[in-house]
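Each protein sequence line maps, in turn, to chains P and W.
To convert, note that position 30 of the first sequence is 30 in the numbering used here; the numbers rise steadily by one, no gaps.
Throughout, the numbering used here is defined as the position within the second sequence, counted from one, plus 1000.
Positions of the beta carbon are idealized from the N, C-alpha and C atoms, including for glycine.
2 protein chains.
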Amino acid sequence: MATILHVCTTCRAGQPVPEGEICPGKRLHEALVASGAPQGVTIRAAECLSACDHGCSVALSRPGSWSYVYGRMTDADAAEILRGAGLYAASADGLVPWRDRPVIFRKQSLARIPPMEI
Amino acid sequence: MATILHVCTTCRAGQPVPEGEICPGKRLHEALVASGAPQGVTIRAAECLSACDHGCSVALSRPGSWSYVYGRMTDADAAEILRGAGLYAASADGLVPWRDRPVIFRKQSLARIPPMEI
């Protein structure tokens, strides 16, 4: 089952974006794409994940698994986000052992949603 | 397609729970169940939605639709939560017009996740 890493590309992280500069969300998306998605993960731009009070956000989802949303991400976190996404994709059920999760996933969780019933 | 209203029943809303009292999340769940779910909505208890820094949380999900998570909910919000869940369930795609959404949904969004690809 394909894991999608959703990246909010409209995020301004609560700051004005000077003319000619790209917003933090788009910068994060570009950093993730440039680094390359791990096996089984597709990186997808999303226009607003409605987590605007919590900096740049990303979400992980996959049919039959819990979905996760993380906030206060920056382009400097790209490598750890991709590592966490890879562990999620490689897991049987989307539940990655706590100790293996990137610290930014442990500390900056915004929410998780139980698996969809189909 | 069935809409699930997930309710975090382990939420302490950042407060200690005195012995013999039930926690705010369980109280919210009981208030929702007592009010009765609107048509097309199933209320489901969840053990932690990982939104612990943002008070009691609920999530709405349905196959093929955006999922939403809302925070800082209390049992006093039960009626408005159920009204919002009913509108979500009655919509074609889970997208309820902004002006129709309960104010607590407009102002206390934690995140939304794009529809799952199946």
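Taking each of W:1027, W:1034, W:1039, W:1050 in turn and checking the Cα distance to residue 66 (chain P), the smallest one comes out for W:1050. For residue 1046 (chain W), the chain P residues whose C-beta falls within less than 7 Å of its own C-beta are 114, listed in chain order. As for any beta strand (DSSP E) of minimum length 3 sitting wholly inside the stretch 1017–1094 of chain W, the runs are 1041–1046, 1056–1061, 1067–1073, ordered along the chain. Under the DSSP assignment, residue 112 (chain P) falls outside any alpha helix (DSSP H), being part of the beta strand (DSSP E) whose first and last residues are 109–113. Looking at P:56, P:85, P:78, P:83, the one whose alpha-carbon comes closest to that of residue 71 (chain P) is P:56. Residue pairing of residue 4 (chain P) in beta bridges, as defined by DSSP: P:42, P:61. Using a Cβ distance threshold of 7 Å, residue 114 (chain P) and residue 1045 (chain W) do not count as a contacting pair. Its chain contains 25, 26, 29, 45 as the residues whose beta carbon lies nearer than 6 Å to that of residue 9 (chain P), once the 5 sequence neighbours on both sides are disregarded; these appear in chain order. Contact between the stretch 1100–1114 of chain W and the stretch 1075–1083 of chain W is present: three or more C-beta pairs spanning the two stretches fall below 8 Å. Residues of chain W with a Cβ closer than 9 Å to the Cβ of residue 85 (chain P) do not exist; the shortest Cβ-Cβ separation is about 14 Å. Chain-order list of chain W residues neighbouring residue 61 (chain P): 1113, 1116, by C-beta distance under 7 Å. Annotated three-state conformation of residue 1096 (chain W) is coil, per DSSP.
In the structure shown, the three-state DSSP call for residue 1012 (chain W) is coil. Counting only residues of its own chain and dropping the five nearest sequence neighbours on each side, residue 88 (chain P) has a CB closer than 7 Å to the CB of 3, 60, 94, 96.
One finds 1113, 1114 in chain W with Cβ atoms closer than 7 Å to the Cβ of residue 6 (chain P), taken in chain order.
Residues of the same chain with a CB within less than 8 Å of the CB of residue 106 (chain P), apart from the 5 flanking positions on each side, are 98 in chain order.
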